[in-house]
Amino acid sequence: MVKIGTHVSIAGGITMAPKRAFDLGCETFQCFTRSPQGGPAPELTQSIVMNFKSQMQEFGIETFYIHTPYYINFASLEPRIRRSSIKVVRDELERGSALGAKYVMTHLGSHAGQTLEEGIAKVANSVSQILNGYKGTTELLLEIAAGSGNIIGDTFDEVATIVENVKKLNGFGGVCFDTCHAFASGYDFRTPEKAEKMLKEFDKKIGLEYLKLSHINDSMMDLGGKRDRHEHIGDGFIGVDGITALLTSKPFQKIDWLLETEDSKREEDIRILKDIRDAL
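Residue numbers for the sequence shown follow this note's numbering, so the first one is 1028 and each next one is one higher.
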C-alpha cells in the first residue's frame, strides 16, 4: 500500500521525528539529519540510533526518507564545493544506513559557468565517487528539478544521462519525482491522458523501474514557470484534480507520497492525499 507522509522537523534531535510524523497522521516521513544550511552533522551515537528505532517501532512507522542539505552542488566549478558535496551525501547514506532509512534523496546542483554537458558529466562523476565502495543499505535517489537558472535535472533527458552512467553502482536507487518541480519544468500531467503521455516519456527516457518516490506539492507557478515554489494541494496551478490524475496512475500506486508543505494546513494536504489513495 502507498504510504503517505510529510517532511518533519528534527528540532530537539532526530529521535523526535517519528512522533511528529505520527501526530500529523503520517505513515512515513522525510527529514534532514543535519542542518540543511550548513555546519557539522550532529553525532549519531549508538544510544540515539537505538532510541530512534525504538520510536519508529512505538509509532508503527516502518520506513522513512532523508533529504540532503540544500547546498549540495555536484557540478560546481569549485573542486572544494564538489568534494564537500560528495562527502556530505556519502555521509548521509552512511547515517541513513545506521538509522534504517530507505532512501536518501538529493538535488544535483548548477552548471553555472560551463556547458550543460560539462555540468552533467560532473554530476555523474560525483555520484560515482559517492557510491564507490559503498556497502550500506540506504540507497541514493536523484530528484527532478524545477528548471530555474542553470540547475541540472529539470528534464527527463538530463536525468536519464546521469542515470545511465550510475545505474549499475551499488547503492543507486533511482529517481524522486517532485510534482511541483516537474510541473514548473513544463511537464503537464493534470489529466489522466496527459499523465499517461508524460509517464510514457519518463519510461522511454529514464525507465519507470527507476521511479522510486514522489514529493507531492502543488505549485505557486504556472506550467513551465521554472521556479521551485511549493503550494498546498489545491491552492496552486496543478490543483487537486491534477494531482489526482497523476497519483491514480499505476506507477504512482507503487511508491510512497511525501508532502513538503508547511504550517497547519499540511494536515489538510495529508487528508487530501489519503482521500485520493482510499479511492484507488
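Glycine residues also receive a C-beta, built at the ideal position from the N, C-alpha and C atoms. Since we're looking at a predicted model, the values are computed, not measured.
Residue ranges of uninterrupted beta strand (DSSP E) with 3 or more members, entirely inside the segment 1047-1129 and ordered along the chain, are 1055-1058 and 1092-1094. A direct Cα-Cα distance of roughly 12 Å separates residue 1247 from residue 1288.
If you draw a 10 Å sphere on the C-beta of residue 1064, you find fewer than 16 other C-beta atoms in it, and that means exposed. Apart from the 5 residues on each side of it in sequence, residue 1145 sits with its Cβ closer than 7 Å to the Cβ of 1138 in its chain, given in chain order. Of the residues 1201, 1270 and 1070, the one whose Cα lies closest to the Cα of residue 1129 is 1201.
Around the Cβ of residue 1036, a 10 Å sphere holds fewer than 16 other Cβ atoms; the residue is exposed. Taken in chain order, the complete alpha helix (DSSP H) segments of 4 or more residues contained in the segment 1234-1279 are 1266-1274. Of the residues 1280, 1236 and 1083, the one whose Cα lies closest to the Cα of residue 1301 is 1280. Taken in chain order, the complete alpha helix (DSSP H) segments of 4 residues or longer contained in the segment 1132-1200 are 1143-1158 and 1183-1193.
Of the residues assessed, residue 1126 falls on the buried side of the cut-off, its CB having 16 or more other CB atoms within 10 angstroms. Counting C-beta pairs with one atom in each stretch, the segment 1032-1047 and the segment 1078-1097 have three or more that are closer than 8 Å, which means they touch.
Under the three-pair Cβ rule at 8 Å, the segment 1146-1154 counts as touching the segment 1096-1106. If you compare the alpha carbons of 1038, 1088 and 1073 with that of residue 1055, the shortest gap goes to 1088.
At a Cβ-Cβ threshold of 9 Å, residue 1204 and residue 1166 do not count as neighbours. Residue 1203 has 1170 and 1240 as its beta-bridge partners, per DSSP. Contact between the segment 1221-1234 and the segment 1117-1125 is absent: fewer than three C-beta pairs spanning the two stretches fall below 8 Å. DSSP lists no beta-bridge partner residue for residue 1290. Residue state for residue 1031 is assigned as strand, using DSSP reduced to three classes. In terms of Cα proximity to residue 1298, the closest of 1124, 1259 and 1189 is 1259. For the pair residue 1242 and residue 1285, the CB atoms are nearer than the 9 Å cut-off. Rounded to whole angstroms, the Cβ separation of residue 1052 and residue 1294 is 7 Å, and the two are in contact under 8 Å. Rounded to whole angstroms, residue 1159 and residue 1196 show a C-alpha spacing of 8 Å.
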